[in-house]
Each structure stands twice: as structure tokens, then as C-alpha cells.
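S.K.: For reference, each letter of the sequence shown is one residue, going 1 to 255 in my numbering.
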Amino acid sequence: MAEWPALCDELNAWSSSGRKATLWWRDDDACSATGNLERLLNVAKSHRIPLCLAAIPNAVQPDLRSLLEAGGDIAIAVHGITHENFAVSGAKKCELTENRPIEATAKQLVYGLERLIEVAGEMTIPVLVPPWNRIAPAFIPLLPGHGYAGLSTYGHRRTDRPTEGLLQVNCHVDPIDWRNERKFMGAGRALDALIDHLKCRRLGKVDADEPTGLLTHHAIWTDEAFKFIIQLLSETRQHPAVQWLRAQDVFGLRV
């Protein structure tokens, strides 16, 4: 498993090629002003790193606004509608699944965007983050006509434009081991994933123009996970090859 010097070596390789290793940060499942969310926002603010929070429209609480206003450079994306599982028995969890009425559900996504604008105002961006990072293909062509300009799931993208008028930018590094009691996987494995995506971009094995995305879930983060993210932000922020991007810039949105 990788150690911190290996990350520095990869970033140095980006420097040697005269290129910027672009990164962005998405945190899922924001609902209300919790201690863990406040802690995460403070980490982002103290390191001057932009953060995109994916908030659940039907669960979001008014107290989130006051916390966000003190939280630094924050953008709010739409994390589904209710974050409920509508997949058929035996299938992987999915809210935006093909067995739901597509057009009616797409209209609910309009409500989701409007609800977050009510709570977070101009911090809200028209980007959909499907719960569990899954969305039925039938929904995708409808998103631009229902107010969405961006889509974000997980894993390297196969195309940047899954439909006309929609830009897809995913996350690629999730430090949680979801198969092992949702625990922090350890710095070594998380660094492996980060270095692997950066290297694949640099060598042209995946889309080199897709920024490497860090995915976190503040609600289940432990002290060990926070320690990792603090060191990661410190290590990357001071490296000349790294550029942390605002979500607004990641998705080409005018603000």
C-alpha cells in the first residue's frame, strides 16, 4: 500500500510534464447542521479548499444555511430527492431506477433543485448527484430539460457529455470501506486509489481532462478519517502541480 512520499512522486511527475493535477472534493448526504459537518467545513475552510456538498432535498433542514454561510467556499449539489431505495429486490440500491415513472420522477428532481435553492440560495448549483452513485440511463436525457447542467457519480467517466447539455464529472477516491462496516479503509488504500487515478490520467489511460474527485461522507467519519483528510489537504495544497477546483468551475457554470 502506498505511503505519502508515493503521492509526492506522482505529483512531481505531473510537474515534470508541465501539467496541473486538478482535484475536486464532494461530500454526500448533507441534511442539517451536525457536529461532523461543521468539523468538515472547518477543515475545508482552514485549508482554503473548495467543497461541494450533495444535500438531500427532502431531508434538508433550515439550520443548514447558517452553518454553510460560515463554511468557506461551498457549493450545494442535489443528492437525489429522498435518498430512498426503489430498486427491485436483489438489485443494487438505487433511487433513480428504471422501474419508476421516469417523467414524473424527473419532475420531482425539479422540486429537489428548487428546495435546495430555498435553503442555500446562490450556493446551490444545478448538478445531480444520484444516491448510491446510480441512475437509470433513461433519466439522463431528461436532466437538461429539467434544469440540470451537471451529473456526478463514481468512477472514471466514459464520456464527458452523456447527453447534450449535460457535463459529467465523477469522484474516484472514497476512503470508506463500505463492505467492512463502513469504516475508514486506511491511508494506504486511499492513497492507492488517488495515485492510481492520477497516474492513469497522466498516462492517458482514462480521460485526462476529468479532475480527480475525492468523495467523503461526513456523517460516518471518524477521527482517523479526519486525520487522513487533513494530511491529504496539507500535502496537496502546498504542491505546485496541484489545483483544487471549485465545483462551479468543474461543471463550467457561470456564477
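Where a beta carbon is used, it is the ideal one built from N, C-alpha and C, also for glycine.
Quick check on the DSSP output: the alpha helix (DSSP H) that includes I230 runs from which residue to which?
M.R.: I230 -> alpha helix (DSSP H) spans 223–237.
S.K.: So, with DSSP's three-state summary, where would you put Y111?
M.R.: helix
S.K.: By how many angstroms is the C-alpha of R182 removed from the C-alpha of T216?
M.R.: 12 Å
S.K.: Please report the straight-line C-alpha distance between A241 and F251, rounded to a whole angstrom.
M.R.: 21 Å
S.K.: Assign W4 to one of two classes, buried (16 or more other C-beta atoms within 10 Å of its C-beta) or exposed (fewer than that).
M.R.: exposed
S.K.: Taking contact to mean 3 or more Cβ pairs, one atom from each stretch, closer than 8 Å, check whether the segment 174–189 and the segment 218–227 are in contact.
M.R.: yes
S.K.: If you follow the beta strand (DSSP E) that C54 is in, where does it begin and where does it stop?
M.R.: One detail in the question is off: residue 54 reads as Ala in this sequence, not Cys. Per DSSP, A54 belongs to the beta strand (DSSP E) from 51–55.
S.K.: What separation, rounded to the nearest whole angstrom, lies between the Cα atoms of E10 and T236?
M.R.: Using only the alpha carbons, I get a separation of about 11 Å.
S.K.: Checking 8 Å against the spacing of the C-beta atoms, do D73 and L51 come in under that value?
M.R.: In this structure, L51 lies closer than 8 Å to D73 by Cβ.
S.K.: Can you round the beta-carbon distance between L191 and A2 to whole angstroms, since I take them to be within the 8 Å contact cut?
M.R.: Taking 8 Å as the upper bound for CB-CB distance, L191 and A2 are in contact here, some 4 Å apart.
S.K.: Grouping DSSP H, G and I as helix and E and B as strand, with all else coil, what is T97?
M.R.: coil
S.K.: Measure the Cβ-Cβ separation of Y154 and N133 and say whether it is below 8 Å.
M.R.: yes
S.K.: For A30, tell me which candidate among L7, G18, A6, D63 has the shortest Cα-Cα distance.
M.R.: D63
S.K.: Go ahead and label V169 buried or exposed: buried means 16 or more other beta carbons lie within 10 angstroms of its beta carbon, across all protein chains shown.
M.R.: The residue in question, V169, is buried, as its Cβ has 16 or more Cβ neighbours within 10 Å.
S.K.: Go through its chain and collect everything with a Cβ distance to N12's Cβ below 6 Å, but skip five positions before and after it.
M.R.: none
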